[in-house]
Amino acid sequence: MKTAYDHTGIEDEIYKAWEASGLMQADVKSDKKPFTIVLPPPNVTGQLHLGHAAMLAIEDIMIRYKKMKGYEALWIPGTDHAAIATETVVVKKLGLTSREEMGREEFLEEARKFAEEKHDTIVNQTKKMGAWLDWSREAYTLDEARNTAVKTMFEMMYEDGLIERGHRMINWSTGAQSVLSDDELEWEDIKEPFYYIRCGEFIIGTVRSETKCSDSPVVVHPEGDYVRVKYKPTPPLVREGDRPDLSGRGGLKEETFIMSRHLFENTELRQKTLNLLDGEFVLVESMKGKELEGQSFEYHTYAGKRKFFVLCDEAIDMEKGSGAMTISICHAGDDYEIAKRHKDKLADYYFEKIDKKGHMTQKAGACAGMTVIEARKASGKIMKDQGLLVGMDYNYEHRVPKCYRSDCVVEPMISPQWFIMVEKEFTDRFGGGQTTLKAQMQEAVRGGHINIIPDKFDKMYFHWIDNLRDWCISRQIWWGHRIPVWYDKEGNIKAYGRTEGKAIDPSWIQDEDTLDTWFSSALWPFSTLGWPNESGLPGSPDSDFEKFYPNDVLETGWDIIFFWVARMIMFGRYATGKYPFHTVYLHGMVCDEHGKKMSKSKGNGIDPLEVIGEVGADAVRLSLVIGSTPGNPIPLGHNKIKGYRNFVNKLWNAGRFVKMQMGVSKPTPNPSLVREGGYCPPDKGDRPDLSGRGGLFKEGDLSLPDRWILSRFSTVAKEVSESLETYQISAAGDAIYHFVWNEFCDWYIEASKVDMNTEVLGFVFAEILKLTHPLCPFITENLWKEVFQTQELENLRTEEQFIIETSYPDLNMVDQKSEEDFALVQKIVTALRKLRTDQKLNPKEKLQAKIKADAEAFKDQQKLIIDLGQLSDLSILSSSSLTGGSSSADLDSRIKSENDNLLSLIVEGIEVLVDIPIDEEAEKARLGKQRAELEKKKVALEGRLSNPSYRDKAPEALVKQTEAELEQVSSEIAKLKS
RNA sequence: GGGCGCUUAGCUCAGUUGGCUAGAGCAUCUCGUUUACACCGAGGAGGCCGCGGGUUCGAAUCCCUCAGCGCCCACCA
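Residue numbers for the first sequence follow this note's numbering, beginning at 4 and rising by one.
Written as structure tokens, this is what we have:
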């Protein structure tokens, strides 16, 4: 064994051995209680990033822990075809400007090849993390089985009327050339000029100047208060940063405007808004919006002369702009809503100003053919030059939607698409009566069927559902599940859903579009378990679906709670009648050590594969799970990783020490250690019992450190299990870290060097390896083999065992007395070490000391203190050990008088006298400081006890405890003073 | 604009029903080449728990105000 742990090579070797062992494959016929997690499938074209690494670490810990706890643990791996993301990448890789340059089939073949190549990469990277996945059940969101599930789901929902096709306002990604769901938008803050434009007498405000190029209704509020005003300019119109309007077409001449009373009367706002007009506004008349209705007029737009007419609608906000607006029915959601209410009047106004590529149509006149962004600038300039503007705000800030995959502009457009109706009533197939998908999703969490960790996401979840609109599931891309609908030449639907056993007429045409990638992802918890083929079929008791569905925990990053988690809940409940899992564990985003998002430009990114190469997967796993709590950012930096690398090395070296003590021969069973009728090892062969259910050691054989470490281990193992049960992985890791380092290594191993019990040493270390295994699978397996097994890795399964085959530690050897006794030893030894530091003594110099104690009861501690405190002797002061006989009348004062040349340490009220040359000054200072601290504490305790309400109302035990403390503090002070 | 959350040591963060002297890692200071480990050991220093108020015998913890920070949703006139 090397002095420093070297993970290189061995991790891959261990993973291969696990795979070869067959142990990773869950047994559907097992009697054990199932525990199931489905791996959130990484994008097949992706690289392993830190988010995956965190996910893998957390889920692997859960799986290994449950497996060692005796569950039939199943963790299903898989990959996601990631429709839009992959298609975008493939188009780029093939050097196409659009997929149409290649035929559909040819393109799909290329995409398939690409996905296959990339698949192996992500799978191998997943294995690097040590993930205990059942590869025999690996799934893919775009494979045959999942396609069957998709078609079945589509069919069910279509028949229930929950899937409909219709023309609606949708989000169009000009880059991906597809519709996107509301959740697939990413919003970007930008600053753009905001224009106030003349439109006849009206003034309309817009940031989208390019859309103001066509015939349009001017919409006003029917009950809104409007005014017609006369505008009298104040020439010359020259101001800083502005040029006089020399065109003579506006600004300088008298004219009339119609605006909201709100704008007219708020002078400050008016000046700010109509900042290109400098003059006087004089009221001509007042009117309600409805009085304006129906008026029509012609006016110049940047693209030429256009017709307008006035329409009333209550959607108008009188406080915004001038209280009037024109609408672009095909290019804005709100406008479309207004148009729907005025169908009869607006039939002629449904025309596209922007095409699917994001270019302006012929409607845009001079700007036709430009991109939206170009046209926005150009049209603004034209309008300014032509005097069509009455106001401008250069600092208007708003947010624009971008495509989350192709990062291009998203345009609202009207298009025929397929939708899942989340608010439509249907009859629950599982006896839930009339309900809606929305209601089922709400019930999942509200009814306590699903527990979200941390619970702050409950609110986010409900908020999302409350605002949820129908889910657009069709996509105009090729890579994905093609929508299972067939039309005849007239466009009538002739077939849908599953095709097995159905006659598909060759003349029918399948829908060109594919399904949203999240449609197949939403089926993942049960499509991976054989649904629909293995579900609900009588007499299929051994099916994965029966055994492992519902899943137990769904673990993922909180950022896909809506994309994925909510939709799995929706589909799971709808299709199987059961919520797909009982617990949702959401981890946060990995960020750098200062809480900043990792990004290439900042250079603070960490590549998980690179660091695994440097320090090994175990250290990386610990870095990702310790020091972070669910839902909160996971801070990660090289310092942290280094810290856990050091821990892994510490564990390694503890293993080396244990192995050295156990000798070259492997440990053999010591019959004297196993009690009559005690624990019987469940394992094959005559190996030592390292499983530790208690009843293993004879009381009399155990030293104080033995009893202490067994007791402490019992407590810590319990804490760790409890933490893992309650998904507090960080707390579990922290407890292990400190137990191993600060108790086992710092104290037990040190004590062992003096008085060795190799059975206990080996036993506790073996238990530590088991306890740590879920967090650090590689090094624990490695040490398990090195220290406790005789066989090589490949033979472990048949001849001995892998560590995961053992039981998770559950030891009941808590011994309060030993813990207290050992704690006193630790405190006295620490005090002695501090004394050496303070007095600048040679650390190697052995000291003489004395202590007052019961010689027999203190025997164990005495020896330990001598050894660990580097003493030559620690004599026990008792009445008989003092000169002048056995009278114990005033033992303390006699001790004092006979030893007043010795330095006195007060530890836990016990006086330790040390024979060293006393530096009077330093000693005085030390005592003064200690006394001050004690006095301060005494005052606090007395204050509390002198409060009658405290004695009255605080629990009795607490009051007693306070009294005991006061007593001890007082006695310590007395000893210091004497 | 609506909502959620955070503020604890120099840094990153724990602190689970209110109760011992508020903890950890890293950084820092002093000492140390003790044969498991220098990827180490020993010891130390460092906190009005954001500000102000309230409830309580008792508040980092519960309630309210304010300030600062972060996030989610909505928002294209």
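Glycine included, each C-beta is placed from N, C-alpha and C at the ideal position.
Note that the structure is a prediction, hence the values are computed from the model and not measured.
For this session: Give, in chain order, every unbroken run of the alpha helix (DSSP H) that is at least 4 residues long and sits entirely within the stretch 41 to 96.
Result: 53 to 71 and 86 to 96
Problem set entry | Opening and closing residue of the beta strand (DSSP E) in which Arg171 lies | Ile166 to Ser176
Exercise. In chain order, what residues of the same chain lie with their CB nearer than 8 Å to the CB of Arg402, ignoring the 5 residues before and after it?
Worked result: Trp190, Glu191, Asp192 and Ile193
For this session: For Ala498, name the three-state secondary structure that DSSP assigns.
Result: strand
Exercise. What's the gap between the Cα of Val94 and the Cα of Leu471?
Worked result: 32 Å
Exercise. Hey, His84 and Gly483 are a contact pair by Cβ (cut 8 Å); roughly how many whole angstroms apart?
Worked result: 6 Å
For this session: For Lys687, count neighbouring Cβ atoms within 10 angstroms of its own Cβ and tell me buried if that reaches 16, exposed if not.
Result: Low local confidence applies: a pLDDT of 29 at Lys687 is under 50, so the model's placement there is unreliable, with the coordinate-based value given in what follows. Burial call: exposed.
Exercise. Can you round the beta-carbon distance between Gly1 and His224 to whole angstroms, since I take them to be within the 8 Å contact cut?
Worked result: Because the chain here runs from 4 to 981, residue 1 falls outside it and cannot be looked at.
Exercise. Which partner residues of His2 appear in the DSSP bridge assignment?
Worked result: As shown, the chain starts at 4 and ends at 981. That puts residue 2 outside it, with no answer to give.
Exercise. From the DSSP output, which residues share a beta bridge with Met290?
Worked result: Tyr229
For this session: Would you kindly work out how many angstroms separate the C-alpha atoms of Glu1037 and Pro528, rounded to a whole number?
Result: The requested residue 1037 does not occur in the structure, where the chain is confined to residues 4 to 981.
For this session: Classify Ser524 as buried or exposed, calling it buried when 16 or more other Cβ atoms lie within 10 Å of its own Cβ.
Result: buried
Exercise. Between the stretch 573 to 582 and the stretch 27 to 46, do at least 3 Cβ pairs fall closer than 8 Å?
Worked result: no
Exercise. Along the chain, where does the alpha helix (DSSP H) that runs through Ile982 open and close?
Worked result: Only positions 4 to 981 of the chain appear in the structure, and residue 982 is not among them; the question remains open.
Problem set entry | For Trp527, the three-state DSSP class (helix, strand or coil) | helix
Problem set entry | Bridge partner(s) assigned by DSSP for Met328 | Val222
Problem set entry | Gly227 vs Gly326 beta-carbon contact at 8 Å | yes
Exercise. How big is the Cα-Cα spacing for Gln1031 and Ser973?
Worked result: The displayed coordinates of the chain run from 4 to 981. Any statement about residue 1031 would go beyond what the structure contains.
Exercise. Does DSSP put Pro672 in a helix, in a strand, or in coil?
Worked result: With a pLDDT of 37 at Pro672, under the threshold of 50, the modelled position of this residue cannot be trusted; read the value that follows with caution. Coil at Pro672, not helix or strand.
For this session: Taking Ser510 as the reference, give the member of Asp519, Lys497, Lys788 and Thr517 with the closest Cα.
Result: Lys497
Exercise. In angstroms, rounded to a whole number, what distance separates the CA positions of Gln180 and Glu108?
Worked result: 18 Å
Exercise. DSSP state of Trp481, grouped into three classes?
Worked result: coil
For this session: Identify which residue in His452, Ile456 and Glu426 has its Cα closest to the Cα of Ala442.
Result: Glu426
For this session: Consult DSSP for Glu493 and reduce its assignment to one of helix, strand or coil.
Result: coil
Problem set entry | DSSP three-state assignment for Arg432, whether helix, strand or coil | coil
Exercise. Taking just the CA atoms, how far does Lys941 sit from Glu746?
Worked result: 31 Å
Exercise. With 16 other CB atoms within 10 Å as the buried threshold, where does Glu762 fall?
Worked result: buried
For this session: Please state whether DSSP places Tyr143 in a helix, a strand or coil.
Result: strand
Problem set entry | Through-space distance from Thr783 to Met4, alpha-carbon basis | 14 Å
For this session: Sort Arg836, Leu894, Ile854 and Ala856 by Cα distance to Lys847 and report the nearest one.
Result: Arg836
Exercise. Per DSSP, what kind of secondary structure is Cys779 in: helix, strand or coil?
Worked result: coil
Exercise. Which two residues bound the contiguous beta strand (DSSP E) that contains Asp876?
Worked result: Leu874 to Leu880
Problem set entry | Phe825 beta carbon less than 8 Å from that of Val767 | no
Exercise. From this set, Asn454, Phe300 and Lys788, which residue's C-alpha is nearest Arg659's C-alpha?
Worked result: Lys788
Exercise. What span of residues does the alpha helix (DSSP H) with Lys643 cover, start to end?
Worked result: His641 to Met665
Problem set entry | Contiguous alpha helix (DSSP H) assignments of at least 4 residues, all confined to the stretch 776 to 846 | 780 to 786, 799 to 802 and 819 to 841
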